[in-house]
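Worksheet: one structure, shown below.
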Amino acid sequence: MKNSILDLSSEKLTEYLAAAGEPAFRSKQIFESIYAQNKTSFDDFSTLPKKIRSQLDQDFSLRTLKKIDEIVSPVDNTRKFLWQLGDGYKIESVVIYEKPRITFCISSQVGCALDCKFCATGKMGILRNLTPGEIVEQVLQMQDLIDAKVTNVVFMGMGEPMLNYESVIRAAEILSHPRGFGLGARRITISTSGIIPGIKRFTEEKQPFSLAISLNSTEDEIREKIMPISRKYPIEELLEAARIYSENMRRIITFEYVLIDKINSSIANAKQLVQLTHRIPCKINVIPCNSTDPEYSPPSRETVREFENYVNNRSRRITLRKRKGWEIQAACGQLYAENEKKKRKNKNITEQDNLIR
46 MKNSILDLSS
56 EKLTEYLAAA
66 GEPAFRSKQI
76 FESIYAQNKT
86 SFDDFSTLPK
96 KIRSQLDQDF
106 SLRTLKKIDE
116 IVSPVDNTRK
126 FLWQLGDGYK
136 IESVVIYEKP
146 RITFCISSQV
156 GCALDCKFCA
166 TGKMGILRNL
176 TPGEIVEQVL
186 QMQDLIDAKV
196 TNVVFMGMGE
206 PMLNYESVIR
216 AAEILSHPRG
226 FGLGARRITI
236 STSGIIPGIK
246 RFTEEKQPFS
256 LAISLNSTED
266 EIREKIMPIS
276 RKYPIEELLE
286 AARIYSENMR
296 RIITFEYVLI
306 DKINSSIANA
316 KQLVQLTHRI
326 PCKINVIPCN
336 STDPEYSPPS
346 RETVREFENY
356 VNNRSRRITL
366 RKRKGWEIQA
376 ACGQLYAENE
386 KKKRKNKNIT
396 EQDNLIR
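Dropping the structure here:
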């Protein structure tokens, strides 16, 4: 299988062209054909001589993701896509409309190793990392399909971005490159379940992208139950890494907090959240749980409102994220799981038909 040209940064593409005896300005032309003009075939790179187009076609692939399912919310037009990769594995991406923003939620891995209990992707386990090109192509394909320009990208789809660090950062660099998608670095958010070495590296490298941490509890015992990674990286150490990031980068960090009924949604939990984060310049993104597991259900609207008001009244910046796409199971891994269930059902029906015959 050929490598994807989307894996290459502008610099790497220039190196490839130099080795082929081509001038550096060809890199700009290629980037513009891919990212500004959304060309889907090397033959359509009209600014390039035919010889170069043929060489690119021989050496690289351009599009490898195949759309195999799509669901559109009748409530808020949230769109969820299921893609098949070149090797047959499947990943998900979501388009979220919230004027004036169009946010793409993209995957960084096939599956996930962290087994967060409220997340359908955790039940898959980890299958493999995505390449930079497979990450970037999600954005390219969704822009084509919705015929609109993305304004924000969040790495909050399938997988733990900090466990595929190099590919995620390279993809984010292409997304923010002036000849790529040209997104402002702060409009690209890399979310983590709390991989402290990744947060430290992100800080040391002074990465310009926004950082979000999926916190979800203020008590180690509860967090370990719903997010087993907390056994390795306790809350106190995680918050210290977040504080150092904010201090060194002079940036506000986002703490994501999935509200789960009878687990982490009480006023006592809200009070602990305020106390734990008071030394860190941050905003808190509260998200009512969107799980298919009845053990992890969202609290009532009244409980959510009380939690939000308590935190907000104590000088913490808090945002209540609307349950975008909840009626189409837009949370991480749910469309994949539904697709696999249908496939198994169809297989069983076929096998039964064969037995009858």
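First residue of the sequence shown: 46, per our numbering; consecutive thereafter. Virtual Cβ for every residue (Gly too), placed ideally from N, Cα, C.
Residue i vs residue j beta-carbon contact at 9 Å
i, j, result
"V303", "C334", "yes"
"I75", "L101", "yes"
"L127", "E137", "yes"
"N309", "S262", "yes"
"G178", "N48", "yes"
"K162", "K270", "yes"
"S72", "L62", "yes"
"T299", "L365", "no"
"V140", "I191", "yes"
"Q186", "K194", "no"
"D132", "M46", "yes"
"I329", "V356", "yes"
Assigned exposure category for residue i - 16 Cβ within 10 Å defines buried
i, result
"V120", "exposed"
"N314", "buried"
"D52", "buried"
"L220", "buried"
"A230", "exposed"
"G156", "buried"
"I113", "exposed"
"V331", "buried"
"R98", "buried"
"N83", "exposed"
"T85", "exposed"
"Q103", "exposed"
"F87", "buried"
"A64", "exposed"
"L107", "buried"
"I297", "exposed"
"A217", "buried"
"K96", "exposed"
"F254", "buried"
"R346", "exposed"
"Q252", "buried"
"S91", "exposed"
"A286", "buried"
"F247", "buried"
Residue of the options minimising C-alpha distance to residue i
i, options, result
"G239", "I116, E179, E250, E301", "E301"
"L159", "K277, I235, I289, T299", "K277"
"Y341", "L365, V319, T348, I305", "I305"
"S259", "P253, T234, G227, K251", "T234"
"P344", "I147, I312, I329", "I312"
"F200", "L321, E143, L208", "L208"
"L321", "E264, D338, R295", "E264"
"H222", "G66, E77, P68, F70", "E77"
"E353", "K144, L318, H323, I267", "L318"
"S236", "L228, S336, V213", "V213"
Inter-residue CB distance, residue i and residue j (contact presumed, cutoff 8 Å)
i, j, result
"T166", "M203", "5 Å"
"I363", "Y290", "Going by Cβ atoms, the distance from I363 to Y290 rounds to 20 Å, so no, they are not a contact pair."
"I151", "V198", "6 Å"
"S153", "P206", "5 Å"
"R124", "T196", "With a Cβ gap of about 15 Å, R124 and T196 do not count as contacting."
"F149", "V184", "6 Å"
"E282", "I325", "Not quite, the Cβ-Cβ distance comes to about 13 Å (not below 8 Å), so this is no contact."
"R173", "Y134", "7 Å"
Chain C within 9 Å of residue i, Cβ atoms only
i, result
"R232", "You won't find chain C in this structure, because it holds only one protein chain."
Residue i: CB within 8 Å of a non-hydrogen atom of the ligand PLP
i, result
"G239", "Among the ligands in the structure shown, none appear at all, so the ligand PLP cannot be discussed."
What runs of the alpha helix (DSSP H), each 4 residues or longer, lie entirely inside the region 68–100? Taking only runs of at least 4 residues, the alpha helix (DSSP H) segments lying wholly in the region 68–100 are 70–76.
Pick out the complete beta strand (DSSP E) segments inside the region 213–294, 3 residues or longer, and give them in chain order. Runs of the beta strand (DSSP E) inside the region 213–294: 233–237, 255–259.
Mind listing, in chain order, the continuous alpha helix (DSSP H) runs of no fewer than 4 residues lying wholly within the region 152–213? Runs found: 177–191.
Every unbroken beta strand (DSSP E) inside the region 297–368 [3 residues or more]: Counting only runs of 3+ residues, the beta strand (DSSP E) found wholly inside the region 297–368 occupies 298–304, 327–333, 362–365, in chain order.
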